[in-house]
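*Asks:* First the structure, then my questions, so here it is.
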Amino acid sequence: MSMASTEEKLIRTSAVTAFSYLLLSDLKDPESKTNFEEMTAKLRDSKCLDLVVSLISSSKMQKDSKDADDADDADDADDADDADDLNDAASSTELMRAKVKAIKLEAKAQKVQQRAALKQEKKRNKDWQRSPKTSAQVLPPVTPVEHTSHDTGNITAIQEPSTDIANKDIENKVVRRKTADLQKEEDELRLHACFAIATFVDHEDLRKTIVERNVLEALIHLVEKNLDDMSSVATQALLHMLVYDDVAGYIIRKGLTEEIIAMALKDTKVPVSAARILEELAEHDSTRAVMVKNDVPNKVFVLLMDGAENFVKSSCLNALCKFSAYDDLRLPLLKTDLVPFLVKKAGHKDKRKRKACLTALITLAEHDKMHAAILDAGFIKFLTKQLEDEDTDRDRDRDAQSTLVSLCRHKDFRSYIIEMGFLKTLVHRLGKEKYFDDAQYSLNDLVQYEDVRSALLQAEQLPFISTLENAITKGGVVLQDLGDAMFSFCSQDDIRKAIIDSQFVKILLDNTQKGTVWGLEVASCLLQSDFLRIPEFRKKLMDGGLVDILNNIAHRGFLFTLTYIPAILSCTGKYDDMRKAMLASQIIFWLTTRMQHVSISSVVFKENQFHGEIDAKFEECGFDINELNPVSLSLSRILRLGNENIHMTRSFLTMMATRPLGFVRMLKYGASDDW
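In full-length UniProt numbering, the protein residues as written are 1 to 675.
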């Protein structure tokens, strides 16, 4: 039989009511503050806070009482004593008294039944003793007086004590079973109570009540003495409490800091939360002093070295990184071998372990007083050596490069990294398609620093500008990506000026003027990139004669080179300073005239969006883009249909014969997709 339904309903209703107040309020808003004060009053009136606190605070007392009960049971205490002990165990809370009352009522009812059964048994025994037949059959011949007195004495001496012991054993088992069932129910509610405490402590007046009623001590007990689920939830509640300075002051006054530290260092049930407890203690000056006294940094480092599970090592490492933010904890931390250990593991083949060590070193580097230890451990030399080693796999190479970029946030590291040739490596990689993206992202992060820009623009030391120039002459990178990267670099005034003043635009225009497919490929890609958004770049293109060059190509160039002009018209038409000059030229007239009956026209025009004024110019020339029919663009089909596209075929063959290098480059960059 379970506890009375009214009592069970009271417990569960109270727990649900407690959860109804867990929503946090914005106390900066006057209306919200008023609502919160009303909620707090309701919380107290409903006894929910009392219930939550009592569920947690009673746990230690219940365990002590349970030990006393077990000792009493072993000594065969009488019924009244058992009931009193059980009542003492529950006296800490109104809830447990209600539970015990239910148990006692059940036990009393069972006693009444047992006594009635005992009376009936005694009556049967007496009837049996009075039966002459039974006496004659069982007992030896003796006088009636002797028989009666001897037999009755034996039965009374043996039967009654054995029956009492059996009844008492049954009664004790019932009490223990009922107590265990109720304890299980209360433990389930206690889990929810811990969650409630974690929210209640965020409000100062509730937190004061919670602390005064020794909830913190009870949570420590729950963490140390219970199973994994209870320990985990209690630890979370404890973590929420340790955030506050008034709680830190309380545990100092009560002398609880060392107990909490010892619990966190030895606990194996919730190692992640245990490490976080140490992190929270490190936040407060008073508790941090106790941590220094107890040599916590060194002990956590030992746990890191000895830990068998990766998540335990990770938790310890995170805690040590947090310790490095405080001067008083940093000194004992530097006395450990943490930094050399991390540098040694920074090249680990396991990606997660490598990332963890690199991230930890970056975190430690946030504090200037850790820099000397990091440099002395050879961390930067180790990373630059990885970049220079051709046998380094791609993942480790990327990790090393990104770590060096992160370290460049610190001036002393940055100077040393530049000295070690990191920028030279990045510039070299800027000219290789395999490394281009990573290199340009790294340089984009670094150009914010004046000393980096100064080093990049010293042509005698670093070929930064010449690498960009070579990319549009010799290839090796994705051209549109190159243009986007240059736009990013030009966010810095000195770099933008250096690029515009360089030979970059002149080389671009010279290549375009040659009328080769490669020259038009380069021009088309760069003009479609973000680089065209820079006004100085557009002005230099226009001053360099871009319109005349395109007009000449449209009039006399190879038909295949004409396929790039629609894309150029599309991207330049967005800008007034370029569109008006294009419209004033004969570019569109010659383009429409020469491509009127060329099968490739369908794609090269329809895949581009044109400004309204340019669209109108096409219509003025009698060239309706919407009426163009799609045609297969395969090279074999173009050659097979040579009799219908004689001009295109002739242009194709002439281009191959006269500009083989440009043709090969065009093939390499996939321009054949535009045919």
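We put the CB at the ideal spot given by N, CA and C, even for glycine.
For the segment 559-578 against the segment 528-540, do three or more pairs of beta-carbon atoms, one drawn from each stretch, fall closer than 8 Å, so that the two count as touching?
*Replies:* The answer is yes - the segment 528-540 touches the segment 559-578, with three or more Cβ pairs under 8 Å.
*Asks:* To the nearest angstrom, how far is the alpha carbon of T516 from that of T473?
*Replies:* Computed Cα separation, rounded: 12 Å.
*Asks:* Hey, Q386 and R394: beta-carbon distance below 8 Å or not?
*Replies:* No.
*Asks:* Once you ignore the five residues that flank V522 on each side, which residues in its own chain have a CB closer than 8 Å to its CB?
*Replies:* Closer than 8 Å at Cβ, skipping near neighbours: I472, L479, L508, N511, T512.
*Asks:* Between which residues of its own chain and N154 is the CB-CB distance below 8 Å, once the five residues before and five after are set aside?
*Replies:* Caution applies to N154, whose pLDDT of 49 falls short of 50 and renders its modelled position unreliable; the value that the coordinates give is listed next. Correct list: empty, nothing qualifies.
*Asks:* Do L468 and F504 have their C-beta atoms closer together than 8 Å?
*Replies:* Cβ atoms of L468 and F504: closer than 8 Å.
*Asks:* Can you tell me the Cβ-Cβ gap for E536 and I568, rounded? I've got them flagged as a contact below 8 Å.
*Replies:* Going by Cβ atoms, the distance from E536 to I568 rounds to 19 Å, so no, they are not a contact pair.
*Asks:* Which full runs of the alpha helix (DSSP H) of 4+ residues lie inside the segment 457-531, going along the chain?
*Replies:* The segment 457-531 contains these whole alpha helix (DSSP H) runs: 464-474, 479-489, 493-501, 504-513, 517-527.
*Asks:* Assign R288 to one of two classes, buried (16 or more other C-beta atoms within 10 Å of its C-beta) or exposed (fewer than that).
*Replies:* Flag for R288 reads buried.
*Asks:* According to the Cβ coordinates, are L281 and L242 closer than 8 Å?
*Replies:* Yes, the Cβ-Cβ distance between L281 and L242 is below 8 Å.
*Asks:* Between L591 and the rest of its own chain, which residues show a CB-CB distance below 7 Å, the 5 nearest in sequence each way excluded?
*Replies:* Closer than 7 Å at the Cβ level, and outside the excluded window around L591, lie A554, L562, I565.
*Asks:* Nearest CA to the CA of L331: which residue from L304, D306, A373, C357?
*Replies:* Checking every option, the nearest Cα to that of L331 belongs to A373.
*Asks:* Using the C-alpha atoms, what's the distance from V215 back to T359?
*Replies:* Straight-line Cα distance between these residues: approximately 37 Å.
*Asks:* Answer yes or no: do I261 and V296 have a C-beta to C-beta separation smaller than 8 Å?
*Replies:* In this structure, V296 lies closer than 8 Å to I261 by Cβ.
*Asks:* State buried or exposed for F311, treating a residue as buried only when at least 16 other CB atoms are found within 10 Å of its CB.
*Replies:* With fewer than 16 other Cβ atoms within 10 Å, it is exposed.
*Asks:* On a CA-only basis, which of E186, A459, L482 is nearest L430? Give me that one, please.
*Replies:* It is L482.
*Asks:* For H371 and V343, I'd like the C-alpha separation in whole angstroms.
*Replies:* Computed Cα separation, rounded: 13 Å.
*Asks:* In the DSSP assignment, find the unbroken alpha helix (DSSP H) run with G249 in it and report its ends.
*Replies:* Its alpha helix (DSSP H) spans residues 245-253.
*Asks:* Can you give the Cα-Cα distance for L550 and K606, rounded to whole angstroms?
*Replies:* Distance between the alpha carbons of L550 and K606 is about 20 Å.
*Asks:* Would you tell me roughly how many angstroms separate the C-alpha atoms of Q401 and S315, rounded to the nearest one?
*Replies:* Computed Cα separation, rounded: 26 Å.
*Asks:* With DSSP run on the structure shown, which of helix, strand or coil describes C321?
*Replies:* Reduced to three states, the DSSP call for C321 is helix.
*Asks:* Spatial neighbours of V604 within its chain, please: CB distance less than 6 Å, with the 5 preceding and 5 following residues excluded, ordered by chain position.
*Replies:* T563, P566.
*Asks:* In terms of residue numbering, what span does the alpha helix (DSSP H) encompassing G622 cover?
*Replies:* First-last for G622: undefined, no H or E at that position.
*Asks:* Could you tell me the distance, in whole angstroms, from the CA atom of I418 to the CA atom of M486?
*Replies:* Their backbone Cα atoms lie some 21 Å apart in a straight line.
*Asks:* Relative to the C-alpha of I362, which candidate in S286, A584, I380 has its C-alpha closest?
*Replies:* Residue I380 is the option with its Cα nearest to I362.
*Asks:* Under a three-way DSSP split, which group does S57 fall into?
*Replies:* Looking at S57 - three-state DSSP - the assignment turns out to be helix.
*Asks:* Alpha helix (DSSP H) containing S585: first to last residue?
*Replies:* First-last for S585: undefined, no H or E at that position.
*Asks:* Quick check: what's the CA-CA separation for C490 versus V223?
*Replies:* Each residue's Cα considered, the two are about 58 Å apart.
*Asks:* Could you compute how far the alpha carbon of F323 sits from the alpha carbon of L329?
*Replies:* If you take the alpha carbons of F323 and L329, they lie about 6 Å apart.
*Asks:* By alpha-carbon positions, which one of K424, I277, I587, V211 ends up nearest to D50?
*Replies:* D50 has its Cα closest to that of V211, out of K424, I277, I587, V211.
*Asks:* For S466 and V477, I'd like the C-alpha separation in whole angstroms.
*Replies:* Cα to Cα, the separation comes out at about 14 Å.
*Asks:* My understanding is that residue 679 touches A365, with C-beta atoms under 8 Å, so please give their C-beta distance in whole angstroms.
*Replies:* Past the boundaries of the shown model lies residue 679; the chain is included only from 1 to 675, so the question cannot be answered.
*Asks:* According to the neighbour-count rule (16 or more other Cβ atoms, all chains shown, within 10 Å of its Cβ), is M354 buried or exposed?
*Replies:* According to the sequence shown, residue 354 is Arg rather than Met. It counts as buried.
*Asks:* Within this structure, are the beta carbons of R398 and D438 separated by less than 8 Å?
*Replies:* Contact: yes.
*Asks:* Quick one: grab the DSSP three-state call for C194.
*Replies:* Reduced to three states, the DSSP call for C194 is helix.
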